[in-house]
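Asker:
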Amino acid sequence: MKVMDLTHTISENMPVYPGTEGPQLKTANTYEKDGFKETLLTMFSHTGTHMDAPMHLYSHRTALDAFPIEQFVGKGLVIDCSDLSEGQRITMSYIDKVKEKADQAEYLLFYTGWDQYWGTSSYFGEYPYITEEIAEYLIHSNKKGVGLDVIGLDPISDENLTLHRKLFSDTDIVIIENLHHLGELGNEIFTFCALPLKYENADGAPIRAIAILSE
Numbered sequence: 726m727k728v729m730d731l732t733h734t735i736s737e738n739m740p741v742y743p744g745t746e747g748p749q750l751k752t753a754n755t756y757e758k759d760g761f762k763e764t765l766l767t768m769f770s771h772t773g774t775h776m777d778a779p780m781h782l783y784s785h786r787t788a789l790d791a792f793p794i795e796q797f798v799g800k801g802l803v804i805d806c807s808d809l810s811e812g813q814r815i816t817m818s819y820i821d822k823v824k825e826k827a828d829q830a831e832y833l834l835f836y837t838g839w840d841q842y843w844g845t846s847s848y849f850g851e852y853p854y855i856t857e858e859i860a861e862y863l864i865h866s867n868k869k870g871v872g873l874d875v876i877g878l879d880p881i882s883d884e885n886l887t888l889h890r891k892l893f894s895d896t897d898i899v900i901i902e903n904l905h906h907l908g909e910l911g912n913e914i915f916t917f918c919a920l921p922l923k924y925e926n927a928d929g930a931p932i933r934a935i936a937i938l939s940e
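Below, the structure is given as structure tokens:
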């Protein structure tokens, strides 16, 4: 068994969605004064590698803490679309190449290679993003979730979050953004775990995402 970490580290100087304040990691207790160390974490619920719930956009829809725990573990498959250039769409042709495996998977993770820009201004640029046709496929194939190695499911220019809304309006699916190292997972199905912080009425939460591969 091989376990791989797909999560960016939370730090005060990490990239955050434009207009959002970055996290603060303040030392609240010290070894010298208190005999132990404790850190006060202050951050938005959609910081770093994180998960969006349908409640993110619709008040009457499902919050993360209302999902059964099984929602956050499933068969994952990486869809390699790293040949795309800035602003190009991820089309169904990428899924059709591995359709049998894609149909079996519960989580589809789109590898664009954009995580190479993490920590630079380019990360907020015209990254590749999915088409409406892929959104329809995700809905009708009853996926547990979709993930990408970019900052958003929608293009950075879409303030309405059209694709988010399409997925969340009637479907209990989760969206994972800012994944890391997807290009190292190959093209076989693996066990994917993405466990969000459990807090009340969670519209989203940072996660620790891992892949468990058979050797």
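The sequence shown lines up with residues 726 to 940 when you count with our numbering.
Virtual Cβ for every residue (Gly too), placed ideally from N, Cα, C.
1. Looking at C-beta atoms only, is the number of pairs between the segment 794 to 813 and the segment 900 to 912 that lie closer than 8 Å three or more?
2. Could you pull out every residue in the same chain whose Cβ sits closer than 7 Å to the Cβ of Pro743, ignoring the five residues on either side in sequence?
3. Using the three-state DSSP reduction, which class does Met817 fall into: helix, strand or coil?
4. Taking the runs of the beta strand (DSSP E) that are 3 residues or longer, which of them lie wholly in the segment 728 to 779?
5. Kindly indicate which residue of Glu825, Ser770, Ile901, Asp897 has the alpha-carbon position closest to the one of Phe835.
6. Check Ala936 in the structure and name its three-state DSSP category.
7. Put Leu888 into one of helix, strand or coil per three-state DSSP.
8. For my contact list, Gln796 and Val871 are in at a C-beta cut-off of 8 Å; report their separation, rounded to the angstrom.
9. Which parts of the segment 779 to 843 are runs of the alpha helix (DSSP H), unbroken and 4 residues or longer, counting only runs that do not cross its ends?
10. Determine the extent of the alpha helix (DSSP H) in which Ala927 is found, giving its start and end residues.
11. Hey, quick one: how far does the alpha helix (DSSP H) through Leu873 stretch, first residue to last?
12. Please state whether DSSP places Ile855 in a helix, a strand or coil.
13. Under a Cβ-count criterion, where at least 16 other Cβ atoms within 10 Å of its own Cβ denotes burial, should Glu831 be classed as buried or exposed?
Answerer: The answer reads as follows:
1. yes
2. Phe849
3. helix
4. 749 to 754, 763 to 767, 775 to 777
5. Ile901
6. strand
7. helix
8. Actually they do not touch by this definition, with Cβ atoms about 13 Å apart.
9. 817 to 821, 824 to 829
10. Ala927 -> no alpha helix (DSSP H), and no H or E assigned at all.
11. Note, Leu873: premise wrong, no alpha helix (DSSP H); beta strand (DSSP E) at 870 to 873.
12. strand
13. buried
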